[in-house]
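Q:
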Amino acid sequence: MKTKNLVKFLIAILFVFSSTQSFAKTIKWSMQGDSLTLDPHAQNEGPTTMVSRQIYEALVTRGLDMSIGPQLAESWEATTPKTWKFNLRKDVKFSDGTPMTSEDVVFSILRAQQRTSDFKEYISTITSVKATDAYTVEIQTREPNPILLNQLSNIFVMSKKWCEENFAMAPQNWDAGQETFSATNSMGTGPFKITLREPNTKTVFKKNSKWWGDVEHNLTEIHLLPIKNAATRVAALLSGELDVVTDAPVQDLDRIRASGAHKVQSTPQMRTIFLGMDQAADQLRTGNTGDNPFKKKEVRQALYQAIDIEAIKKKVMRGLSEPAGIITFPGVTGYTKELDERLPYDVDAAKQLLADAGYPDGFEVELRCPNDRYVNDEAICTAVVGMLGKIGVKVNLFAQTKSKHFKELKDNQGDFYMLGWGVPTLDSHYVFHYLYETGASWNKVNFSDAEVDAAIRVMEGEVNLDKRNAAIANAWKIVKDNIAYLPLHHQVISWASKRSVDVPIRPNNEPLFRFSNVR
Amino acid sequence: MDNKNLTLLNRIKDSDIYFSFIKSPTAIVSTLILIIIFFCSFFVELVTPYNPFDPSSLSLMDAFTPPSWTEEGLAKFILGTDGQGRDMLATILYGSRISLIVGFSAVIFALVLGVGLGLSAGYFGGKYEMIVMRLTDVQLTVPSILMALLVDGIARGIISRELHDEMAIYVLIFAIGISEWPQFARVSRAATLVEKNKDYVSASTIIGVSNIIIMFKHILPNIMRPVLVIGTIGLALAIIAEATLSFLGVGVPPTTPSLGTLIRLGNDFLFSGEWWITFFPAIFLVILAFSINLLGDWMRDTLNPKLN
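This is the structure we're talking about:
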């Protein structure tokens with residue numbers, strides 16, 4: 004009797020120790036802002052996709068080296084120039100145990116095409132999608148589409164059954180402030196699942212034991228703990244409270260490196276920071292001249308030439324940025340070094356341009372900025388305010404949290420604003436389709452040019468690469484000459500982590516925790 | 449005229465307050481420091497050539513210049529510059545002007561409200577007194593920073609954003625003032641209760657002087673001593689409350705920074721070795737608050753030893 008009790012006792016102790024010590028590998032991850040919503044089709048925004056990427060999967064995906072590879076689709080072929088056949092994996096299960104079939108894929112693509120989806124521009128060329136059997140999907144495009152795979156890599160697949168049960172058939176209307184079940188809950192096929200969601204405070208990801216892939220990570224949990232204040236975030240990392248920070252403040256990199264227990268990885272990011280000026284409004288909402296100075300190209304050029312981008316690079320970005328001439332970066336189809344050249348910094352020329360345009364005394368306008376999205380976003384804006392002040396343009400800075408910034412921007416409340424743009428498809432078409440096409444969802448400068456719109460159609464349907472590249476080059480030339488936006492720089496990102504934590508850095512700033520290990 | 453001034457001066461020289469003052473080195477030193485700070489803050493245009501509130505006068509390339517005595521420092525920026533190229537000394541002085549204006553206004557607001565309610569409560573007594581005193585009890589259970597945050601939050605809700613930036617300073621004064629008035633109300637009520645049973649009050653009542661005149665002309669001067677002591681210490685508290693609120697980001701906007709805002713902005717650079725951006729505003733705030741407190745202590749000892 005006694006020995007039996009002792010054995011029970013020992014087993015109990017063994018169980019407690021083994022479950023708490025050897026299995027629990029947790030990564031505590033932080034960045035300045037949080038995912039805006041868990042609905043994978045509601046907001047096309049960096050950190051939001053970063054979170055979705057851990058729990059949802061697409062037909063195809065980019066690996067660590069950024070090349071396209073299979074994910075939910077095992078193989079694919081273009082049966083005609085406009086028809087694609089995708090063969091799905093047969094062993095994929097959602098984290099609730101139901102198998103994933105072609106019905107879910109069809110449902111998800113149609114869901115991402117609905118009006119409230121922010122991903123509809125990715126797949127606007129898809130005219131029909133149907134399941135030919137339980138594990139085959141056929142997609143028709145309007146024109147032969149050379150970048151379909153790139154686009155599909157961002158369309159996450161949801162469970163039709165789960166969406167039906169939880170009234171989430173349509174994507175959350177984020178712009179209108181709608182609250183849905185899918186915005187605070189998630190259920191995907193990915194390597195992790197979310198077990199706790201407190202927006203802007205804490206999100207807990209647990210390993211999805213039903214995941215189909217080969218497990219290359221050794222994590223049991225990921226905790227996402229957004230910390231807005233840069234110094235607090237660094238202090239938390241240095242004190243050991245955090246394991247990885249995916250937006251380490253540029254001013255603190257030396258301090259982090261100096262700590263023996265931490266390491267820093269840097270890479271040029273696939274993201275360009277720029278300023279937009281509303282060129283359509285007849286009167287600026289926050290101006291003082293009663294008209295809209297941004298309508299004149301001279302004014303836009305004056306602002307452009309008044310910005311000392313090298314000073315911003317040296318003082319605000321501490322050398323970790325690359326001045327930009329266009330809103331796209333090396334590695335994207337259509338990028339060239341010549342296009343990326345900036346107009347020279349010249350205060351006198353800027354003043355002259357402003358005087359020529361009829362504003363010798365400048366004007367007043369409000370600059371809208373996020374303060375928790377891009378590297379040193381508010382500091383860049385503050386610097387711009389000073390620089391534009393030198394040519395007589397009185398800029399009032401309004402910096403606020405990104406969720407409000409983006410919402411009000413989409414609600415057409417901005418005259419002059421900061422935005423950053425990444426190119427997940429690595430093709431110029433994405434930039435034009437979102438930022439330059441007439442009436443496009445993020446074209447908040449209201450730029451409109453028939454020739455550019457025509458070039459965008461060519462990019463979508465031309466399979467002859469020379470012709471397609473010529474269209475891209477021509478479109479870039481038009482928008483660059485027009486100074487539709489004021490490009491600032493390509494961002495360089497730095498991730499800081501404990502030495503014992505391996506999270507491979509990727510130029511799109513998206514961590515893939517399925518390749519992460521904790522020693 | 450001269451004669452009168454002389455007698456006034458003589459009267460001051462003969463007073464026990466003056467005697468106690470020159471016997472107290474801490475009081476002299478803190479007064480001197482405060483005079484210098486007040487002068488430099490309110491006449492800052494004469495003290496420094498820079499105007500940190502004018503963004504067009506700044507040069508970003510001057511940013512992060514260390515203090516002048518360090519190796520990379522420049523003589524023209526004695527305490528160095530911040531992340532936007534603003535001269536630290538000028539920024540601190542302009543900031544301290546805002547802090548002082550907010551501090552003084554808040555204390556005066558709290559004093560007028562608190563003494564008005566406390567004095568009348570003590571004088572009239574009855575249900576009115578009970579209501580006022582329970583109000584102070586309720587107010588005292590809410591921490592002053594929380595109260596100030598609440599007021600600021602409500603203000604943000606009801607007035608538009610453009611207006612709020614302009615109104616920020618008044619909102620701050622109101623927020624701090626409303627959280628400090630119970631102290632004044634309690635002290636002045638207690639003092640009034642003592643005073644109102646004295647013969648001069650009874651005499652006034654008998655000859656038919658109106659209540660208002662008795663309260664404000666006869667009783668008020670006699671309760672001013674403890675109120676002034678509390679007011680001085682309250683000033684230090686108000687300045688620190690302002691700094692705390694601005695540090696939390698609900699105070700004055702960053703384009704016209706007060707001391708608390710400066711400390712918050714500098715906090716981002718604490719790890720990167722640019723210590724002067726947060727250190728100097730912080731040490732300035734400490735010296736300012738410390739001096740006011742020392743002076744307040746001395747006043748308490750001299751004017752109203754019973755409060756000790």
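Residue numbers (my numbering), protein chains in the order written: chain F, 4 to 522; chain E, 449 to 756.
By construction, the Cβ of each residue, glycine as well, lies at the ideal position given by its N, Cα and C atoms.
No experiment lies behind these values; they were computed from the predicted model shown.
What residues are listed by DSSP as bridge partners for Tyr420 (chain F)?
A: Note: Tyr420 (chain F) sits in a beta bridge opposite F:Gly279 and F:Arg371.
Q: How is the beta strand (DSSP E) around Val132 (chain F) delimited, first residue to last?
A: Ile129 to Asp136
Q: How would you call Phe170 (chain F), buried or exposed, if buried means at least 16 neighbouring beta carbons within 10 angstroms?
A: Counting Cβ neighbours within 10 Å, Phe170 (chain F) comes out exposed, since fewer than 16 surround it.
Q: Which residues, in order along the segment 313 to 332 of chain F, keep a beta-carbon less than 8 angstroms from a beta-carbon of chain E?
A: Ala314, Ile315, Lys317, Lys318 and Val319
Q: Using C-beta distances below 6 angstroms, list every residue in its chain close to Asn756 (chain E), excluding the 5 sequence neighbours before and after it, in chain order.
A: Confidence in Asn756 (chain E) is poor, its pLDDT being 46 and thus under 50, which makes the residue's placement unreliable; the coordinate value appears in the next sentence. Closer than 6 angstroms at Cβ, skipping near neighbours: no residue.
Q: Relative to the alpha-carbon of Phe516 (chain F), which residue among F:Phe208, F:Ala234 and F:Ala261 has its alpha-carbon at the smallest distance?
A: Here the closest residue by C-alpha is F:Phe208.
Q: Going by beta-carbon coordinates alone, are Ile661 (chain E) and Ala639 (chain E) separated by less than 8 angstroms?
A: no
Q: Counting along the chain, where does the beta strand (DSSP E) carrying Pro490 (chain F) start and finish?
A: Start and end: Tyr488 to Lys501.
Q: On the CB-based measure, 16 or more other CB atoms within 10 Å of its CB, does Ile606 (chain E) come out buried or exposed?
A: exposed
Q: What do you reckon, are the CB atoms on Ala353 (chain F) and Ile394 (chain F) nearer than 8 angstroms?
A: yes
Q: Can you list, in chain order, the residues of its chain whose CB lies under 6 angstroms from that of Lys163 (chain F), leaving out five sequence neighbours each side?
A: Glu106, Asp107 and Phe110
Q: Within 8 angstroms (strictly less), CB to CB, does Thr204 (chain F) reach chain E?
A: no
Q: What number of angstroms, rounded off, separates the C-alpha of Val434 (chain F) from the C-alpha of Gln587 (chain E)?
A: 56 angstroms
Q: Roughly how many whole angstroms lie between the Cα atoms of Ala525 (chain F) and Asp178 (chain F)?
A: This structure gives no information on residue 525 (chain F), because the portion of chain F shown stretches from 4 to 522.
Q: Out of curiosity, what's the CA-to-CA distance linking Tyr542 (chain E) and Ile496 (chain F)?
A: 36 angstroms
Q: Quick check for students: name the residue ranges of the alpha helix (DSSP H) that lie wholly in the segment 710 to 752 of chain E, counting only runs of 4 or more.
A: Listed in chain order, they are 724 to 751.
Q: Spatial neighbours of Leu641 (chain E) within its chain, please: C-beta separation below 7 angstroms, excluding the five flanking residues on both sides.
A: Gly570
Q: Please state whether DSSP places Gln403 (chain F) in a helix, a strand or coil.
A: In the three-state reduction of the DSSP assignment, Gln403 (chain F) falls in the strand class.
Q: I believe His265 (chain F) touches Thr29 (chain F) by the beta-carbon criterion, under 8 angstroms. Please report the beta-carbon distance rounded to the nearest angstrom.
A: About 17 angstroms separates the two Cβ atoms, so there is no contact after all.
Q: With distances taken Cα to Cα, identify the nearest neighbour of Ser451 (chain F) among F:Thr428, F:Ala283 and F:Gly464.
A: F:Ala283
Q: Would you mind telling me which residues of chain C sit closer than 7 angstroms to Ser504 (chain E), beta carbon to beta carbon, in chain order?
A: In the structure shown, chain C cannot be found, because the protein chains are F and E.
Q: Using a cut-off of 8 angstroms between C-beta atoms, extract the partners of Asn715 (chain E) located in chain F.
A: Asn232 and Ala234
Q: Can you find the residues in the same chain that come closer than 7 angstroms, C-beta to C-beta, to Gln74 (chain F), ignoring five residues on each side of it along the sequence?
A: Glu60, Ala61, Leu62, Val63 and Thr64
Q: From the beta carbon of Thr703 (chain E), is the nearest beta carbon of chain F less than 8 angstroms away?
A: Chain F, which has a Cβ nearer than 8 angstroms to the Cβ of Thr703 (chain E), makes this yes.
Q: Checking the sheet assignment: what are the DSSP bridge partners for Ile30 (chain F)?
A: F:Ile225
Q: Does any residue of chain E bring its CB to less than 8 angstroms from the CB of Thr292 (chain F)?
A: no
Q: In chain order, what residues of the same chain have a beta carbon less than 6 angstroms from the beta carbon of Phe146 (chain F), not counting five sequence neighbours either side?
A: In the sequence under discussion, the amino acid at residue 146 (chain F) is Glu, which differs from the Phe named in the question. So the list reads Glu463 and Gly464, once near-sequence residues are dropped.
Q: Beta-carbon within less than 8 angstroms of Leu693 (chain E)'s beta-carbon, same chain only, minus the 5 sequence neighbours each way: which residues are those?
A: Result list for Leu693 (chain E): Ile593, Ala596, Leu597, Asp600, Leu620, Ala623, Ile624, Gly699 and Gly708, in chain order.
Q: DSSP beta-bridge partners for Leu199 (chain F)?
A: F:Val207
Q: Which residues mark the beginning and the end of the beta strand (DSSP E) in which Lys88 (chain F) is found?
A: Boundaries of the beta strand (DSSP E) harbouring Lys88 (chain F): Thr86 to Leu91, taken from the DSSP string.
Q: Assuming Thr139 (chain F) and Asn90 (chain F) make a contact with CB atoms under 8 angstroms, what is their CB distance in whole Å?
A: 6 angstroms
Q: Going along chain F, which residues have a C-beta under 7 angstroms from Gly566 (chain E)?
A: Under the 7 angstroms cutoff, chain F gives no residues; its nearest Cβ is about 41 angstroms from Gly566 (chain E).
Q: Express the C-alpha separation of Glu168 (chain F) and Gln175 (chain F) in angstroms, rounding to a whole number.
A: Gln175 (chain F) and Glu168 (chain F) have their alpha carbons spaced roughly 15 angstroms apart.
Q: Residues in its own chain within less than 7 angstroms of Ile681 (chain E) by CB, not counting five upstream and five downstream?
A: Asn741 and Gly744
Q: Between Gln532 (chain E) and chain F, is the shortest Cβ-Cβ distance under 8 angstroms, so that the two count as touching?
A: yes
Q: Thinking C-beta only, is Gly531 (chain E) closer than 8 angstroms to Phe512 (chain E)?
A: yes
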